[in-house]
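These notes concern the structure reproduced below.
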Amino acid sequence: MATVADPVLDLPFDTRPDPEEFLRAALRWHFSPETGAPFWVERARSFDFDPVEDIRGYADLRRFPNLANALRDVPARDLVPRGYGPDPDIVGVYDSGGTTGAPKRVVLLREWTDRMLAWSSAQLDRHGVPRGVDWLQVVPTGPHMVGETFARQTVARGGWPFTIDIDPRWVKKLLADGRSAEAGAYTEHLVDQLAHPLESQDIGVLLLTPPVLERLARRDDLVALVRKKVKAIMWVGTQMDADTRHLYRTEVFPDTVLVSGFGNTMLLGHTCERPGLTDDDPCVYDPFSPYMSLEVVDEDTGEPVGIGERGRLVMHHVSKSLFLPNNLERDYGTRIAGVDGQVGDSVADIAPVKVFDDEVVIEGVY
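Pasting the structure below:
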């Protein structure tokens with residue numbers, strides 16, 4: 001069993017490891033009593049297989065039980081591999097959205113954060129999102145991960161982050177209670193708040209959700225400000241239909257880069273849409289392989305659907321800082337062939353299921 005990390009776990013973000021070699025090294029790290037997280041070392045005792053000896057490839061990750069729900073209550077310190085020592089360099093402890101009951105909880109370590117954001121920043125470069133400009137970010141902050149990671153990315157790219165907080169749980173509660181007018185008023189409140197920094201600061205990139213962007217687009221003065229100042233708009237959270245995306249790109253913000261992102265707390269990261277897509281293409285998302293991988297499966301059988309078919313998303317995160325395999329998520333997606341060398345599927349047309357873990361799923365404003 002491992003006592004120190006295999007060098008393959010610490011490669012630069014732009015050096016893609018051999019997936020099978022990487023997976024075997026990660027399993028040795030996570031299931032060694034000396035280096036693994038107490039969460040996994042303890043649970044491995046109940047498995048009917050040996051994670052180190054019997055898991056030979058990414059397809060075998062489906063042998064693991066889906067333990068994501070255990071993250072609702074497990075002590076956060078039990079999730080950090082012992083190999084990081086008694087004083088691990090953490091960025092923070094973050095929650096899932098809490099859409100389907102009590103939130104699940106993950107620990108974000110600096111080592112993984114730096115790796116993921118370096119990769120993400122290279123994606124933004126490919127889309128033509130400028131460096132050296134300030135961002136206005138209208139996304140959830142603590143206890144959610146997205147605000148922290150994008151603020152760090154902005155600084156790393158030479159800009160300053162201006163932030164407006166979103167409380168997605170409050171909006172979902174309003175909608176669940178049938179108080180849609182109040183939810184709409186809250187979204188207007190967010191637009192009111194973003195107006196001042198947009199007016200008074202030199203904002204080069206706008207990060208927000210489709211519901212907030214839709215409300216902003218109703219205000220001619222703010223549309224004029226965006227056209228004058230903003231070089232790129234990145235939308236995250238809920239999805240945007242193709243017709244609306246085409247309208248923004250061709251008529252509302254014709255000279256502004258418009259790019260989408262897809263992220264998930266249990267995946268411990270995010271990805272931008274595939275570069276080079278046309279207005280007729282759906283937004284396709286390629287995960288940060290082999291650290292983040294996706295499968296699109298039949299809801300009843302758990303088997304992969306065909307390319308171009310829809311199914312449920314199964315997410316795997318395998319990195320030095322976290323092991324979280326075989327997590328059946330609350331989203332549907334269309335299976336798209338991955339890029340060369342990628343582990344697993346790419347996805348498009350992501351949308352939530354109606355009911356998950358016996359709870360009605362409400363998207364709201366994020």
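Numbering (the UniProt record's numbering), first residue to last: 1 to 366. Glycine is no exception: its CB is placed at the ideal position from the N, C-alpha and C atoms. Owing to the predicted nature of the structure, the values given are computational and were not obtained by experimental measurement.
Using the rule of at least 16 other Cβ atoms within 10 Å of the residue's Cβ for burial, across every protein chain shown, is residue i buried or exposed?
i           : result
Ala2        : Confidence is the limiting factor: at Ala2 the pLDDT is only 48, short of 50, which leaves the residue's position unreliable and the question unanswerable from this model.
Glu339      : The sequence as given places Val at residue 339; Glu does not occur at that position. By the 10 Å Cβ count, Val339 comes out exposed.
Arg56       : exposed
Ala183      : buried
Val4        : exposed
residue 376 : Here the chain covers residues 1 to 366 and nothing more, so residue 376 does not appear.
Ser200      : exposed
Pro7        : exposed
Thr35       : buried
Leu258      : buried
Arg126      : exposed
Gly85       : exposed
Glu273      : buried
Met115      : Before going further, note that residue 115 is Arg rather than Met in the sequence given. Burial call: buried.
residue 425 : Here the chain has residues from 1 to 366 only, and residue 425 is not among them.
Pro17       : buried
Ala181      : exposed
Closer than 6 Å by C-beta to residue i: which residues in its own chain qualify, once you throw out the five before and the five after it? Chain order, please.
i      : result
Pro33  : Val41
Pro282 : Ala348 and Asp349
Arg72  : Ala102 and Lys104
Gly158 : Arg131 and Gly132
Ala26  : Val318
Leu9   : Ala25 and Lys320
Pro81  : Thr35, Gly36 and Ala37
Met240 : Pro210
Leu11  : Pro17
Rank the options by C-alpha distance to the C-alpha of residue i and give the top, closest one.
i           : options                           : result
Asn264      : Gly341, Asp114, Thr149 and Glu214 : Thr149
Gly269      : Leu117, Asp221 and Asp60          : Leu117
Phe323      : Asp300, Met292 and Leu313         : Met292
Gln153      : Gln123, Gly333, Lys173 and Gly142 : Gln123
Gly142      : Asp114, Trp160 and Gly97          : Gly97
Arg312      : Glu295, Asp243 and Pro325         : Glu295
Phe262      : Asp280, Ala44 and Leu207          : Leu207
Arg245      : Glu214, Lys231, Asp95 and Val223  : Glu214
Ser120      : Ser319, Phe13 and Lys320          : Phe13
Ala59       : Phe31, Val297 and Leu9            : Val297
Ile166      : Ala26, Phe253, Pro81 and Leu136   : Leu136
Trp170      : Gly159, Arg157, Thr187 and Gly36  : Thr187
Pro140      : Trp235, Tyr248, Val314 and Ala181 : Trp235
Met266      : Tyr94, Ile307 and Asp220          : Tyr94
Gly344      : Leu9, Asp10, Glu20 and Ala156     : Glu20
Thr113      : Arg179, Gly178, Gly92 and Val252  : Gly92
Ala242      : Gly85, Phe49, Asp18 and Thr278    : Thr278
Val226      : Phe253, Leu247, Arg218 and Tyr248 : Phe253
Gly308      : Pro325, Ala337, Asn326 and Ala151 : Ala337
Asn326      : Val314, Tyr332 and Gly333         : Val314
residue 391 : Ala181, Asp280 and Gly333         : Past the boundaries of the shown model lies residue 391; the chain is included only from 1 to 366, so the question cannot be answered.
Val74       : Asp50, Gly178, Asp220 and Arg43   : Arg43
What residues match up with residue i in a beta bridge as DSSP calls it?
i           : result
Ile233      : Leu206 and Leu258
Ser346      : Ile336
Tyr285      : Glu273 and Val347
Asn327      : Met315
Gly263      : His270
Tyr94       : Val106
residue 385 : The chain is shown only over 1 to 366; residue 385 falls outside these bounds and no answer can be derived.
Asp125      : DSSP lists no partner for Asp125.
Gln137      : Thr163 and Leu207
Glu295      : Val314
Rounded to the nearest angstrom, how far is the Cβ of residue i from that of residue j, given a contact under 8 Å?
i      : j      : result
Ile233 : Thr250 : Their Cβ separation, rounded to whole angstroms, is 14 Å, which puts Ile233 and Thr250 out of contact at 8 Å.
Gln342 : Ser260 : No, Gln342 and Ser260 are not in contact; Cβ-Cβ is about 19 Å, not under 8 Å.
Leu190 : Val138 : 6 Å
Leu79  : Phe47  : With 8 Å as the limit, Leu79 and Phe47 do not qualify as a contact, their Cβ atoms being about 18 Å apart.
Arg335 : Pro352 : Actually they are not in contact, since the Cβ atoms of Arg335 and Pro352 sit about 17 Å apart, beyond 8 Å.
Thr271 : Tyr285 : 5 Å
Val107 : Ala76  : 5 Å
Trp29  : Gly83  : 6 Å
Arg310 : Gly276 : Arg310 to Gly276, Cβ: 23 Å. No contact.
Is there at least one non-hydrogen atom of the ligand SAM closer than 7 Å to the beta-carbon of residue i?
i      : result
Val212 : With respect to the ligand SAM, the structure offers nothing, as it holds no ligand at all.
Counting only the same chain and skipping the five closest in sequence on each side, list residues whose C-beta sits under 7 Å from that of residue i.
i      : result
Gln193 : Ile164
Leu222 : Ala195, Leu198 and Leu216
Gly156 : The sequence as given places Ala at residue 156; Gly does not occur at that position. Leu117 and Ser121.
Lys173 : none
In chain order, what residues of the same chain have a beta carbon less than 8 Å from the beta carbon of residue i, not counting five sequence neighbours either side?
i      : result
Asp202 : Val133, Asp134 and Lys229
Asp89  : Leu109, Arg110 and Glu111
Asp54  : Asp60 and Arg63
Pro130 : Gly204, Val205, Lys231 and Ala232
Gly306 : Arg335
Phe22  : Val8, Leu9, Pro290 and Val318
Quick one: does residue i have its CB under 8 Å from some CB of chain B?
i      : result
Thr154 : Annotation note: the requested chain B is absent from the structure, which comprises a single protein chain.
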